[in-house]
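Asker:
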């Protein structure tokens with residue numbers, strides 16, 4: 004994850020992206036774990052980091068952080084809470100968390116609202132880094148809507164399961180709406196397979212994932 008952090012910080016010539024979106028093609032590819040751990044390693048630099056769980060249908064960030072879900076984004080977007088009431092500190096120094104909150108009947112409508120766009124832009128100014136965990140691209144349009152607001156998108160791909168055609172379609176959908184794709188995290192790669200043996204011996208620290216950047 005430190006390697007991923009470095010790649011993200013160097014992904015733009017002018018300045019490192021502050022508002023990062025993590026998504027995947029389908030469920031179960033490791034996007035949430037990647038988003039949470041990336042937020043943690045950014046916080047370890049002493050940066051003020053906010054992790055936002057925008058997967059309003061199947062939120063999991065709170066489980067990985069081992070904290071209660073509590074009130075969150077849904078309550079704020081529907082006007083029931085102030086933004087400062089739904090952002091919480093975590094056990095990780097410098098890392099703050101905005102959970103998804105209760106599952107709403109209309110997730111896409113909330114995510115596509117002007118309030119959502121304005122909120123992300125406000126948070127972008129208040130934190131050194133904002134990491135957004137979004138739903139997958141293929142089942143729903145939420146990630147496509149969010150991708151037009153953020154500085155860049157990271158696609159997490161299960162290297163053992165997800166077909167290449169699905170990954171290509173995911174990339175095409177994001178590019179169609181003008182998203183800035185920073186790269187792909189190829190997760191759960193079997194480095195013992197033919198073709199990876201040499202690199203496994205030489206670059207042993209890549210056993211968690213491989214990062215490909217455009």
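In the numbering used here, the protein residues as written are 4 to 217. All C-beta atoms, glycine included, are put in the ideal place defined by N, C-alpha and C.
(1) Looking at residue 155 and residue 14, is the spacing between their C-beta atoms short of 8 Å?
(2) Using the Cβ count rule (16 or more neighbours within 10 Å means buried), how would you classify residue 190?
(3) In the DSSP assignment, find the alpha helix (DSSP H) that holds residue 161 and state where it starts and stops.
(4) Does the ligand PLP have even one heavy atom less than 7 Å from the beta-carbon of residue 169?
(5) Going by DSSP, which residues form a beta bridge with residue 219?
(6) Report yes if the C-beta distance between residue 164 and residue 27 is below 8 Å; otherwise report no.
(7) Could you give the first and the last residue of the continuous alpha helix (DSSP H) run that contains residue 44?
(8) Report the residue from 86, 38, 55, 12 whose alpha carbon sits nearest the alpha carbon of residue 103.
(9) Are residue 150 and residue 182 closer than 8 Å when you measure CB to CB?
(10) Pick helix, strand or coil for residue 125, following the three-state DSSP scheme.
(11) Within 10 Å of its beta-carbon, does residue 197 have 16 or more other beta-carbons around it, so buried, or fewer, so exposed?
(12) Is it buried or exposed for residue 93, if we count other Cβ within 10 angstroms and need 16 for buried?
(13) Residues in the same chain with beta-carbon distance under 7 Å from residue 49, minus the five sequence neighbours each way, listed in chain order, please.
(14) Helix, strand or coil: which one does DSSP assign to residue 2?
(15) What's the gap between the Cα of residue 126 and the Cα of residue 79?
(16) With DSSP run on the structure shown, which of helix, strand or coil describes residue 192?
Answerer: With the structure as the only source:
(1) If you number the chain shown from 1, residue 14 lands on position 11. If you number the chain shown from 1, residue 155 lands on position 152. Yes, the pair counts as a contact, with Cβ atoms nearer than the cut-off.
(2) Numbered from 1 along the chain shown, position 187 holds the residue referred to as residue 190. Buried is the call here.
(3) On the chain shown, residue 161 is found 158 positions in, with the first residue counted as 1. Premise fails: residue 161 lies in the beta strand (DSSP E), 155-161, not in any alpha helix (DSSP H).
(4) Annotation note on the ligand PLP: not contained in the displayed structure, which lists no ligands.
(5) Since the displayed the chain opens at 4 and closes at 217, residue 219 lies outside it and no answer follows.
(6) Counting from one through the chain shown, the residue named residue 164 turns up at place 161. Counting from one through the chain shown, the residue named residue 27 turns up at place 24. Not a contact, by the Cβ cut-off of 8 Å.
(7) As a working note, residue 44 is residue 41 in the chain shown. Residues 34-46.
(8) Against the chain shown, residue 103 aligns to sequence position 100. When only C-alpha atoms are compared, the closest one is 55.
(9) For the purposes of this step, residue 150 is taken as the residue at position 147 of the chain shown. For the purposes of this step, residue 182 is taken as the residue at position 179 of the chain shown. The answer is yes: Cβ separation under 8 Å.
(10) Residue 125 sits at position 122 when you count from the first residue of the chain shown. DSSP places residue 125 in helix when its eight states are reduced to three.
(11) By 1-based counting over the chain shown, the position of residue 197 is 194. At residue 197 the pLDDT is 45, less than 50, meaning the model places this residue with poor confidence; the figure from the coordinates comes in the next sentence. Classification for residue 197: exposed.
(12) Taking the first residue of the chain shown as 1, we reach residue 93 at position 90. Buried is the call here.
(13) Counted from its first residue, the chain shown places residue 49 at position 46. Same-chain partners within the cutoff: 97.
(14) This structure cannot settle anything about residue 2, because the visible part of the chain is limited to 4 through 217.
(15) Along the chain shown, one-based indexing puts residue 126 at 123. Along the chain shown, one-based indexing puts residue 79 at 76. Using only the alpha carbons, I get a separation of about 13 Å.
(16) Residue numbering aside, residue 192 sits at position 189 when the chain shown is read from its first letter. Residue state, collapsed to three classes: coil.
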